[in-house]
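Residue numbers (the numbering used here): 1 to 429.
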């Protein structure tokens, strides 16, 4: 016999895990579509040259890459943004711009597995391409806020920064030539701490003084308001600039929507992927910061130009669904409490197949997810065990001329159609 094992960093998803996950996806899809975003899909496999070198050195090492049966050099997508840039180069005339898309699917990275982080995981991406202005930036941020609110998640903050402001500061510091390494190092601040980052920056810049100034820059927002931080960064990066004015406009839009308090200007946010060019952001749950960012993204104005001559600026965000679920599980979120595969389970008796099917149809018409236990010879003990394993709260048993419904949580019983009406009414409320 073959041993039923799975690869490290991969996992099976049981109904108790998958049901809440699908509910969260449906909520997110409703939010995305309410903002006019349309769904797309792209292949799991791309030519390696499409993916390689787009995320940065560390990401390149994590790509699952191999030769296919035709000897072609192919790789599995490591995120949904790079394939989207390739998609737009292929289809921009068909979809038109500005184009808003969302894409919820799996990606693969050969990184070290840990809590909330796997080698195969689901991302929920939403992007706008073909527009480079404060409104498109703010619309992504607004959709992030709306999505978290719709999920009923509390105690979170969106941390914003701007790659361009940091680049201006590094230019003032005469360290722009090392900007890629500096950005990647600063991105590790929450993982390795300030002292380790300072040590690494000293090695990169060959100057402890420069390292200290970079640390001062990325921590300048500590304890300050959004606008206070922006003014500090303007001063450190040479005064008002196109980048600082963009952040001012974005904050003005967020303020007009009354959601500005959910956003923090945090100059330590740089994002490790190389393709970001403007605003960048990460999202942290206040009560569980250790799990890392659960929604990240930013502006990438040059990525599509790798595949086409026309300039196609983009901005977007990605919710790491598996990490978010791991966090919500640890926080005992009510979002994950209902993992029932059905509201109602009908006990089947021999010769009553048509009657059971008709009752099931009527129950579904009332809005109840209804399953029939398809083995009429099963003992009630086994049926109860099945209902419990699948978190089904109600059991319907046929009688000679009607049926009874038992609430398996309270053991209360009610007869006839009124029982189903009461359950359906309770579900609606």
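All residues carry an ideal CB built from backbone N, CA and C; glycine is no exception.
Asked, Found
"Output the distance between the C-alpha atoms of residue 201 and residue 335, rounded to the nearest integer angstrom.", "42 angstroms"
"Would you kindly report the start and end of the unbroken alpha helix (DSSP H) that includes residue 205?", "194-205"
"Let's test the definition: count the other Cβ atoms within 10 Å of the Cβ of residue 304 and tell me whether it reaches 16, buried, or not, exposed.", "buried"
"Starting from the C-beta of residue 136, find all residues in its chain whose C-beta is less than 8 angstroms away, skip the five residues before and the five after it, and write them out in chain order.", "98, 128 and 315"
"Apply the 10 Å Cβ neighbour rule to residue 225 and answer buried if 16 or more other Cβ atoms are within range, or exposed otherwise.", "exposed"
"What alpha helix (DSSP H) runs, 4 residues minimum, are completely inside the segment 283-367?", "321-330 and 353-365"
"Near residue 124, what residues of its chain come up, given a Cβ to Cβ distance below 6 angstroms and the 5 sequence neighbours on each side ignored?", "28, 104, 319 and 321"
"Need the endpoints of the alpha helix (DSSP H) that residue 379 sits in, please.", "Per DSSP, residue 379 belongs to no alpha helix (DSSP H) and is neither H nor E."
"At the level of alpha carbons, what is the spacing between residue 369 and residue 363?", "8 angstroms"
"Between residue 267 and residue 161, how many whole angstroms is the CB-CB distance? I'm expecting something under 8 angstroms.", "5 angstroms"
"Measuring straight from C-alpha to C-alpha, what distance separates residue 415 and residue 377?", "23 angstroms"
"With a Cβ-Cβ cutoff of 9 angstroms, do residue 8 and residue 325 count as a contact?", "no"
"For residue 24, which of helix, strand or coil comes out of DSSP?", "helix"
"Leaving out five residues on either side along the sequence, give the residues of the same chain with a beta carbon under 6 angstroms from the beta carbon of residue 436.", "Because the chain is modelled from 1 through 429, residue 436 falls outside the range shown and cannot be assessed."
"To which residues of the same chain is residue 244 closer than 8 angstroms at the C-beta, ignoring the five residues directly before and after it?", "162, 165, 230, 233, 234 and 237"
"So residue 413 is in the beta strand (DSSP E); what residue range does that whole segment cover?", "413-415"
"So what does residue 264 bridge to, in DSSP terms?", "159"
"Distance check for residue 13 and residue 4, CA to CA, integer angstroms please.", "15 angstroms"
"On the premise that residue 408 lies in contact with residue 395, defined as a C-beta separation below 8 angstroms, what is that separation, rounded to the nearest angstrom?", "6 angstroms"
"Might you give, ordered along the chain, the residues of its own chain that have their beta carbon closer than 8 angstroms to the beta carbon of residue 339, omitting 5 neighbours on each side?", "15, 16, 17, 19, 20 and 391"
"Between the segment 80-91 and the segment 35-50, can you find at least three pairs of beta-carbon atoms closer than 8 angstroms?", "yes"
"Check for me: the beta strand (DSSP E) holding residue 128 runs from which residue to which?", "120-129"
"Use the C-beta contact count for residue 289: other C-beta atoms within 10 angstroms, 16 or more gives buried, fewer gives exposed.", "exposed"
"Checking 9 angstroms against the spacing of the C-beta atoms, do residue 275 and residue 82 come in under that value?", "yes"
"Give the straight-line distance between the Cα atoms of residue 307 and residue 92, rounded to the nearest whole angstrom.", "12 angstroms"
"Answer yes if the segment 253-266 comes into contact with the segment 204-212, meaning at least three C-beta pairs across the two stretches below 8 angstroms, and no otherwise.", "no"
"Any heavy atom of the ligand NAD closer than 8 angstroms to the CB of residue 8?", "Of the ligands one can find in the structure shown there are none, so the ligand NAD has no counterpart to examine."
"Leaving out five residues before and five after residue 181 in sequence, what residues of the same chain have Cβ atoms less than 8 angstroms from its Cβ?", "204"
"Should residue 31 be labelled buried (16 or more other beta-carbon atoms within 10 Å of its own) or exposed?", "buried"
"Mapping DSSP to helix, strand and coil, what is residue 76?", "strand"
"Bridge partners of residue 39, per DSSP?", "102"
"How is the beta strand (DSSP E) around residue 65 delimited, first residue to last?", "65-67"
"Alpha carbon to alpha carbon, what distance is there between residue 278 and residue 421?", "54 angstroms"
"What number of angstroms, rounded off, separates the C-alpha of residue 360 from the C-alpha of residue 77?", "42 angstroms"
"For residue 46, which residues does DSSP report across the bridge?", "75"
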